[in-house]
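Remember, our numbering sits 344 above the position in the sequence shown when you count from 1.
We treat Cβ as the ideally placed atom computed from N, Cα and C, and that holds for glycine.
Please read the structure below before turning to the comments.
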Amino acid sequence: MDSEGASSESSSSGDQLEKWTEEQDELKKKLIAYDDFTWKLSSSTELSQGSEILKYVGGVDMSFCKEDSSVACACLVVLELPSLRVVHHDFSLLRLHVPYVPGFLAFREAPVLLQILQKMRDEKHPFYPQVLMVDGNGILHPRGFGLACHLGVLAHLPTIGVGKNLHHVDGLNQSEVKQSLQLQINEHEQTITLVGNSGITWGVGFRPTLSSLKPIYVSVGHRISLDSAVEVVKITCKYRVPEPIRQADIRSRAYLQKHQTESFKELAVRPPDQTEP
Numbered sequence: 345m346d347s348e349g350a351s352s353e354s355s356s357s358g359d360q361l362e363k364w365t366e367e368q369d370e371l372k373k374k375l376i377a378y379d380d381f382t383w384k385l386s387s388s389t390e391l392s393q394g395s396e397i398l399k400y401v402g403g404v405d406m407s408f409c410k411e412d413s414s415v416a417c418a419c420l421v422v423l424e425l426p427s428l429r430v431v432h433h434d435f436s437l438l439r440l441h442v443p444y445v446p447g448f449l450a451f452r453e454a455p456v457l458l459q460i461l462q463k464m465r466d467e468k469h470p471f472y473p474q475v476l477m478v479d480g481n482g483i484l485h486p487r488g489f490g491l492a493c494h495l496g497v498l499a500h501l502p503t504i505g506v507g508k509n510l511h512h513v514d515g516l517n518q519s520e521v522k523q524s525l526q527l528q529i530n531e532h533e534q535t536i537t538l539v540g541n542s543g544i545t546w547g548v549g550f551r552p553t554l555s556s557l558k559p560i561y562v563s564v565g566h567r568i569s570l571d572s573a574v575e576v577v578k579i580t581c582k583y584r585v586p587e588p589i590r591q592a593d594i595r596s597r598a599y600l601q602k603h604q605t606e607s608f609k610e611l612a613v614r615p616p617d618q619t620e621p
């Protein structure tokens, strides 16, 4: 490619990133970072009029073809509490036309996840999730608006961000967080609040078991407080990763493995609202 072509491509990518940043900023204005739901976490809690017990927790994840990372399988799983039994799952096999750009994951993954959620809502499915766990961050994000926030605002659904790696924002450091959690083993503490240099609370580092060496990072997505988000994560963890996301990961991988020999040209339908940078 000549220098003029490279310059044109760079300018186009820069324009797209600017557009995405503006869209994130607009959606962020609609973000609700407190409890905005009627359900309660436990049957032991006294129910007020119009409230209900949390029964259906969803999880979303995407798996990618090793031979072609643009080919992906999106999965939505719904589990029933307190048994953690899977009561619903759905898949979408597609070819992604938006590249992964750090800080802008939502523009690659949110469109297809929204389609799966909307399909379930349109069908008036009895197992539609009351809260959704997302394999990705919420406000624990360079601009305070990760995939879990993006998806929650557009779906108008309480969402929780669950990350396996820590975004180094506002002075937060993954190795220091792990060391702090390790020091708490003898104190039987499972969480550490992630407070940045600015004094902002970004989320919580959480070890599902005291023997866990690798924490997960929980943050507010939309329509839920950090305290409630952590409680939902706690009651859905059998292993390191909360069961709704773990099941979505397992099932999306299996579905992709089963169908990857089929013609992706027929399966890879481009979501209408995806835009190439």
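Hey, residue i and residue j: beta-carbon distance below 8 Å or not?
| i | j | result |
| --- | --- | --- |
| ALA592 | LEU420 | yes |
| VAL513 | TRP546 | yes |
| SER596 | ALA418 | yes |
| LEU510 | LEU449 | no |
| ILE579 | LYS508 | no |
| HIS566 | LEU398 | no |
| PRO588 | GLY358 | no |
| LEU461 | ALA499 | yes |
| LYS627 | LEU428 | The structure shown does not extend to residue 627, since the chain is modelled only from 345 through 621, so no value can be given for it. |
| LEU361 | VAL445 | yes |
In whole angstroms, give me the CA-to-CA distance for residue i and residue j.
| i | j | result |
| --- | --- | --- |
| PRO621 | GLU396 | Note that PRO621 has pLDDT 40, beneath the 50 cutoff, so the model's placement of it is unreliable and no number is given. |
| TYR599 | ASN481 | 24 Å |
| LEU344 | SER569 | Within the shown structure, residues of the chain are numbered from 345 to 621, placing residue 344 beyond reach of any answer. |
| VAL431 | VAL521 | 35 Å |
| ASP405 | PHE451 | 15 Å |
| GLN459 | LYS372 | 21 Å |
| ASP571 | GLY549 | 12 Å |
| GLU348 | ASP412 | Its pLDDT being 38, under 50, GLU348 is placed unreliably by the model, and the measurement read from it follows with that caveat. Those two C-alpha atoms are separated by around 29 Å. |
| LEU527 | ARG487 | 30 Å |
| PRO473 | VAL585 | 18 Å |
| LEU423 | GLN368 | 30 Å |
| ASN541 | SER407 | 35 Å |
State the beta-bridge partners of residue i as determined by DSSP.
| i | result |
| --- | --- |
| ALA372 | Reading off the sequence, residue 372 comes out as Lys, not Ala. None, per the DSSP bridge assignment. |
| ALA499 | Paired residues: none, contrary to the question. |
| VAL548 | THR537, VAL562 |
| ARG429 | GLU424 |
| CYS417 | SER407, LEU437 |
| ILE504 | MET477, VAL564 |
| GLU366 | Its beta-bridge partners do not exist; DSSP assigns none. |
| VAL401 | LEU423, VAL475 |
Does any C-beta atom of chain B lie closer than 8 Å to the C-beta of residue i?
| i | result |
| --- | --- |
| GLU370 | Within the model displayed, chain B is absent; a lone protein chain is all it includes. |
Rounded to whole angstroms, how far is the Cβ of residue i from the Cβ of residue j, which I believe are closer than 8 Å?
| i | j | result |
| --- | --- | --- |
| VAL475 | VAL401 | 6 Å |
Query raised in the report: So, do the region 465-473 and the region 531-551 have three or more beta carbon pairs nearer to each other than 8 Å?
Result: Segments in contact, no.
Requested in this report: Say whether the region 503-512 touches the region 479-495, bearing in mind that this needs 3 or more beta-carbon pairs closer than 8 Å, one atom from each stretch.
Outcome: Result yes; three or more Cβ-Cβ pairs closer than 8 Å.
Requested in this report: Give a yes or no on contact between the region 454-466 and the region 554-564, applying the rule of three or more CB pairs nearer than 8 Å.
Outcome: Not touching, per the Cβ criterion.
Query raised in the report: For the 8 Å Cβ check, are there 3 or more pairs between the region 407-417 and the region 433-445?
Result: Segments in contact, yes.
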